[in-house]
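Asker: Have a look at this one.
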Amino acid sequence: MDNADTTVARRFVEATAHSPESVRASGHTLAWDVKPFPFKVYVDAPAVALAREVDPLGRRTMDALAAAAAPADRLTLRGLTALLYYSAGVTKKKSYPGGGEMLFRAAASTGALYQTEVYVVAGAVDGLAPGVYHFCPGDFVLRQLRAGDWRGTLAEAAADPALARRAATLVLTAIFWRNTWKYQARGWRHLYWDSGTMLANAVAVGDALGLAPRVLAGFVDAQVDRLLALDPDREATLELLPLGPEGPAAPPGGRLDAIAPEVMPLSSAEVDYPALREMQRASALPDAASVRAWRAAAVAPPAPPAGEAQALPPPPDGGRALDETIQRRGSTRRFAHVSLAASELAAALWAATRPLAGDVPEGLVESWLIVNAVESLEPGTYRYHAASHGLERGRRGDLRRLAAFLCLEQALAGDAAAVLFFLAPLDAVLATRGNRGYRLANLAAGVAGGRAYLAAYALGFGASGLTFYDRHVVDAFAPAAAGRHAIFVTALGRGAGARDGVLVSTTIQPPRGRT
Ligand SMILES: Cc1cc2nc3c(=O)[nH]c(=O)nc-3n(C[C@H](O)[C@H](O)[C@H](O)COP(=O)(O)O)c2cc1C
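When we follow this note's numbering, the leftmost residue of the sequence shown carries the number 450, and every step to the right adds one.
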């Protein structure tokens, strides 16, 4: 299958679009007896227990989003541990009446299903032998899958020689069944949204620690999957995140023998979703030359405002410390009908549209909004222009009911102060980046949503990711949004406190062992 044959992505987008009719006709029910286990457990791989006291990050959230700290001269195991914890660690435990318990993690994830897995290809990490490791947030352990320095192999797969010199690279993957159990083939989109929210945290933390993180979405899929010993029908590599200073280059990649470490089954049975596997395979790149060509293809910048754009106040600096923001983050379950200040909305929009170092181009997604209650902004629709930090007005009026309808009839969006809709000019993105362009658009929107979450919790308000009726979202912004596709939605506002009438007690899990 060929990345340039974009009929696959177009068919997939159509087949997995939500509409009131498709949702009502779905008939899908949750098979609780085969709900996948939320942690990947290697049965006998050698374990490296991580320090149970995680270092504070020492930067305020808005400052970490604005600029990187001075470059660190080395990557230590303690720094790597902090990065893993604040990106993928267990940060909260909720207890439900009757004894139920759920573990929640640093980054938001569709349905709290946590299909994103994290691996580390380490070469020059102080305190950690070179090797390929899997991070398990459940017992807070790295398990070694391969010994030795594999950075040369990864650099070849990524067509980026710098990866052989960087101290380590995180590799994010996704286990399909964890998400498709609930969301079926549409879950493919969630793989990229959820790795995006995790990367929003990882990049902010990496920048706070001076580790110069870069997000790479271009690589030879089969080579990285093989390095990690993934079964590509069940789990796939999504992104790479090189970290730490450059040192002497690792030797070029040698022979990559197949390994088959034993893994605990996720559940007693799994359902296969061929449309998801087809979308993943059809967006793969076969060799390093294709990666280079794919990376070089330009994506058109977003169109400038058609009319007058209303300037927004500058985003405030500071906010909560980044580690505290991440510990407190949790999707708002009910919004109060209370206004946000224009500077608060401005902060979320600014954060969502920060450029991302790496090979994810700017201009893949545009930010459109429904404003319900923001001081000094009339309710209605708007488009945000990052270059001028301004809002272009669309139609006026109270659109709370419409916002709720668009978001799968969830009250959350009607109650929110503002709802951010990330839309992509999909034709242009597919024309230049092929099927993998659709990966990029979902990823970019996930990162944007994750950054909006960080800004919100840094400044003391709330956020929640949302799903949506695809075509109706674009129609809501007609005619200006013609030709766009809906990619992802994030609602912003102040929480109403009570959790939808359900009694829940929440314990923030401190970094393990910290009292
Ligand atoms: C991409 C994405 C889509 C989401 N969609 C919805 C949604 O449609 N409705 C909802 O109530 N919550 C939604 N959420 C919130 C998740 O349910 C929430 O992140 C998850 O339960 C974990 O909880 P936490 O964010 O409080 O840690 C979404 C989150 C993400 C990241």
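Cβ atoms here follow ideal geometry from the backbone N, Cα and C, with glycine treated the same way.
Consider the C-beta atom of G895 and the heavy atoms of ligand 1; say whether any pair is separated by less than 7 Å.
Answerer: yes
Asker: Report all residues from its chain with a CB closer than 7 Å to the CB of G932; omit the five preceding and five following residues, and keep chain order.
Answerer: P874 and D876
Asker: Among the candidates A666, I775, G942 and G886, whose CA atom is the shortest distance from the CA of A806?
Answerer: A666
Asker: What is the DSSP secondary structure of L660, counted as helix, strand or coil?
Answerer: coil
Asker: Report the residue ranges of all alpha helix (DSSP H) runs contained in full by the region 836-867; include only those spanning at least 4 residues, in chain order.
Answerer: 849-855 and 860-864
Asker: Tell me S913's beta-bridge partners as DSSP assigns them.
Answerer: A940
Asker: What whole-angstrom Cβ distance do A823 and A866 have, given they're in contact under 8 Å?
Answerer: Note on residue identity: the sequence assigns Val, not Ala, to residue 823. Confirmed, Cβ separation roughly 6 Å.
Asker: Can you tell which of G779, D643 and D454 has its C-alpha closest to the C-alpha of V896?
Answerer: D643
Asker: Using 8 Å as the cut-off, can you tell me whether the region 492-502 makes contact with the region 589-596, which would need three or more C-beta pairs spanning the two stretches below that distance?
Answerer: yes
Asker: Is the beta carbon of L855 closer than 8 Å to that of V922?
Answerer: yes
Asker: In whole angstroms, give me the CA-to-CA distance for A749 and T956.
Answerer: 46 Å
Asker: Would you say G942 and F910 are within 8 Å of each other, going by their C-beta atoms?
Answerer: yes
Asker: Using a Cβ-Cβ cutoff of less than 6 Å, which residues in the same chain neighbour A466 once the five nearest sequence positions on both sides are dropped?
Answerer: D919
Asker: Confirm, please, whether the CB-CB distance from R842 to Q759 is below 8 Å.
Answerer: yes
Asker: What residues match up with L789 in a beta bridge as DSSP calls it?
Answerer: V823
Asker: Return the bridge partner residues of S716 from the DSSP annotation.
Answerer: In the DSSP output, where bridge partners are listed per residue, S716 has none listed.
Asker: What are the boundary residues of the alpha helix (DSSP H) that includes L875?
Answerer: Counting along the chain, the alpha helix (DSSP H) containing L875 begins and ends at L875 to R882.
Asker: Tell me the rounded alpha-carbon separation between D721 and W626.
Answerer: 8 Å
Asker: Should F625 be listed as close to ligand 1, given that the test is whether its C-beta is under 7 Å from any heavy atom?
Answerer: A distance criterion of 7 Å places the beta-carbon of F625 beyond contact range of ligand 1, judged by its closest non-hydrogen atom.
Asker: Which term fits A657, buried or exposed, when burial requires 16 or more other beta carbons within 10 angstroms of its beta carbon?
Answerer: buried
Asker: Could you have a look at G667 and say whether DSSP puts it in helix, strand or coil?
Answerer: Looking at G667 - three-state DSSP - the assignment turns out to be coil, as it is neither helix nor strand.
Asker: Would you tell me roughly how many angstroms separate the C-alpha atoms of A453 and A738, rounded to the nearest one?
Answerer: 14 Å
Asker: Shortest alpha-carbon distance to H583 belongs to which of V740, L621 and L734?
Answerer: L621
Asker: Taking three-plus beta-carbon pairs below 8 Å as touching, is the region 889-904 in contact with the region 633-649?
Answerer: yes
Asker: Go ahead and label I769 buried or exposed: buried means 16 or more other beta carbons lie within 10 angstroms of its beta carbon, across all protein chains shown.
Answerer: A small correction: the amino acid at residue 769 is Arg; Ile does not occupy that position in the sequence shown. Buried, since its Cβ has 16 or more Cβ neighbours within 10 Å.
Asker: Ligand 1 and L915: does any heavy atom of the ligand fall closer than 7 Å to the residue's C-beta?
Answerer: It does: the Cβ of L915 is within 7 Å (strictly closer) of some heavy atom of ligand 1.
Asker: Who are the near neighbours of L705 in its chain, counting only those whose CB is closer than 8 Å to its CB and skipping five residues on each side?
Answerer: T602, Q672, R675 and L676
Asker: Could you give the DSSP three-state label for M551: helix, strand or coil?
Answerer: strand
Asker: Quick check: what's the CA-CA separation for S468 versus H477?
Answerer: 15 Å
Asker: What is the rounded straight-line gap between the Cα of L813 and the Cα of G883?
Answerer: 13 Å
Asker: By DSSP, does A699 sit in helix, in strand, or in coil?
Answerer: coil
Asker: For A561, verify whether its CB is less than 7 Å away from any heavy atom of ligand 1.
Answerer: yes
Asker: Tell me whether Q859 counts as near ligand 1, meaning its Cβ is closer than 7 Å to at least one heavy atom of that ligand.
Answerer: Yes, the beta carbon of Q859 sits closer than 7 Å to at least one heavy atom of ligand 1.
Asker: Once the 5 residues before and after L857 are set aside, which same chain residues still bring their CB inside 6 Å of it?
Answerer: Answer for L857: T916, listed in chain order.
Asker: Could you tell me the distance, in whole angstroms, from the CA atom of A835 to the CA atom of P765?
Answerer: 16 Å
Asker: With a threshold of 7 Å (Cβ to nearest heavy atom), would T646 be considered close to ligand 1?
Answerer: When distances are taken from the beta-carbon of T646 to the heavy atoms of ligand 1, the shortest one is below 7 Å.
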